[in-house]
Structures are given as structure tokens and as C-alpha cells.
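First residue of the sequence shown: 260, per our numbering; consecutive thereafter.
Cβ atoms here follow ideal geometry from the backbone N, Cα and C, with glycine treated the same way.
Just so we're clear, the structure is a prediction, and the values are computed from it rather than from any experiment.
Everything on this sheet refers to the single structure shown next.
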Amino acid sequence: MPTLVNAETDEREALLSFLAAQRGGLRRAVHGLTEEQAAGTPSVSALSLTVLIKHAARCERFWIADNLMGRGADNGRDGNDWADEYRLTEGDTLAAWLETYEQVAAETEKAVRSLPDLEVDFPLPVAPWFPPNSRRSARWVLLHLIQEGARHAGHADIIRESIDGKTAFELVDEVAAAEAPAA
Numbered sequence: 260m261p262t263l264v265n266a267e268t269d270e271r272e273a274l275l276s277f278l279a280a281q282r283g284g285l286r287r288a289v290h291g292l293t294e295e296q297a298a299g300t301p302s303v304s305a306l307s308l309t310v311l312i313k314h315a316a317r318c319e320r321f322w323i324a325d326n327l328m329g330r331g332a333d334n335g336r337d338g339n340d341w342a343d344e345y346r347l348t349e350g351d352t353l354a355a356w357l358e359t360y361e362q363v364a365a366e367t368e369k370a371v372r373s374l375p376d377l378e379v380d381f382p383l384p385v386a387p388w389f390p391p392n393s394r395r396s397a398r399w400v401l402l403h404l405i406q407e408g409a410r411h412a413g414h415a416d417i418i419r420e421s422i423d424g425k426t427a428f429e430l431v432d433e434v435a436a437a438e439a440p441a442a
């Protein structure tokens with residue numbers, strides 16, 4: 260447990276806090292790396308740290324904006340480019356995906372806080388891996404995103420340690436020091 264999530268008494272705020280903690284784990288994994296290091300694949304995984312952040316941002320937008328909020332698939336996907344989510348494509352940079360991830364986080368928090376409750380639901384999109392005519396709630400989406408974020412943050416920890424030996428705990432300290440006000 261590299262960070263301790265604040266104690267919340269409101270379920271919505273608790274879920275958003277846990278989701279933010281997982282996003283933080285992914286962002287810390289790239290702290291201090293160059294574009295080249297973040298794009299590298301130093302472990303047996305084919306995924307780089309930049310790709311993990313790209314996937315997390317696109318996945319969160321897919322679940323929150325496209326599905327929960329019903330804004331449709333205005334996410335830059337044409338439906339046939341799923342493989343592009345798991346590799347770097349022309350123009351993909353760590354800096355750009357970190358900025359997108361920040362925007363997605365703000366969109367998610369605004370959207371979730373605008374809901375009357377977490378029981379709001381929506382139909383799952385038509386896909387071979389989803390049961391037909393199924394629905395999911397906002398609560399389910401947040402729990403799913405926390406689960407996905409945790410898996411990817413752990414994966415990012417392994418990739419980062421393969422790059423330069425830095426662990427999640429060391430990166431927590433480095434980021435805290437970098438963000439501390441100058442004395």
C-alpha cells in the first residue's frame with residue numbers, strides 16, 4: 260500500500276478517492292522518466308508505461324463519458340482500432356497522455372458528482388464479451404475502474420522497477436518531495 264486513501268463517510272467520495280489513488284500510482288510510475296524510458300518495454304510485457312496510461316485514460320473515458328453519461332463513442336476510436344490502445348501510435352507521447360489522463364479524471368469527477376445517486380444505470384454496449392441486454396450502475400463502473408486502475412498500477416510498478424530499480428514507495432517519497440512547497 261504505497262499511499263493511504265483518506266477516510267470518507269460518503270460512498271461516492273470514497274469511490275472517487277480510491278480511483279484517484281490508482282491514477283496516482285500510474286502517474287508516479289513515470290515520475291522522472293524520459294519519453295524514451297516511458298515508451299520502453301524492459302520486462303517481458305509488451306506494454307510500456309505510456310501505453311498503460313493511454314489505456315487507462317481511454318478506458319475511463321469509455322466507461323464514464325461514452326457509457327455512463329451516454330455521450331456516445333466520441334473518443335477517437337473507429338471501432339476497429341482496439342489494438343492501438345495497447346501500443347504507441349504516431350503522435351503518442353507520455354506528456355500528451357498524462358495531460359489527457361488529467362482531463363479524463365476531471366471529467367469523471369464532475370460527471371459522477373452530477374449524478375443523483377450511484378444507482379444510475381446504462382445498457383452495456385453491444386460486444387461479444389458483454390452479456391446481451393445487460394445494464395450496469397455508476398457504482399459498478401467506479402468499482403470496475405478502481406479494479407482496472409489497481410491492476411495497471413501494479414503492472415506499472417513492475418515495469419518501472421525494471422527500468423531503474425525504483426519502487427512505488429521510493430516514488431511516493433520523490434513525488435512528495437517534488438510537490439512540497441519550497442522552504
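Requested in this report: Enumerate, from N- to C-terminal direction, the unbroken alpha helix (DSSP H) stretches of 4 or more residues contained entirely within the region 341–410.
Outcome: Within the region 341–410, the complete alpha helix (DSSP H) runs of at least 4 residues fall at 353–373.
**Report entry** Among P301, S373, E267, T268, nearest to E420 - alpha-carbon criterion
**Finding:** The candidate whose alpha carbon is nearest that of E420 is P301.
Report task. Rounded to whole angstroms, what's the CA-CA distance from A442 to G291? Just pull it up for me. Result -> Each residue's alpha carbon lies about 22 Å from the other.
Query - Buried versus exposed, by CB contacts within 10 Å (16 or more), S307 - result: Flag for S307 reads buried.
Query raised in the report: Roughly how many angstroms lie between the CA atoms of A370 and R330, to the nearest whole one?
Result: CA-CA distance, A370 to R330, rounds to 11 Å.
Requested in this report: Given a cut-off of 8 Å, decide if H314 and E349 are closer than it, judged by their beta-carbon atoms.
Outcome: Using a Cβ distance threshold of 8 Å, E349 and H314 do not count as a contacting pair.
Requested in this report: Starting from the Cα of T367, find the closest Cα among D423, L401, A437, T426 and give me that residue.
Outcome: If we check each option's Cα against that of T367, L401 comes out closest.
Report task. Evaluate V289 with the Cβ neighbour count: other Cβ atoms within 10 Å of its Cβ, from every protein chain shown; 16 or more gives buried, anything less gives exposed. Result -> It counts as buried.
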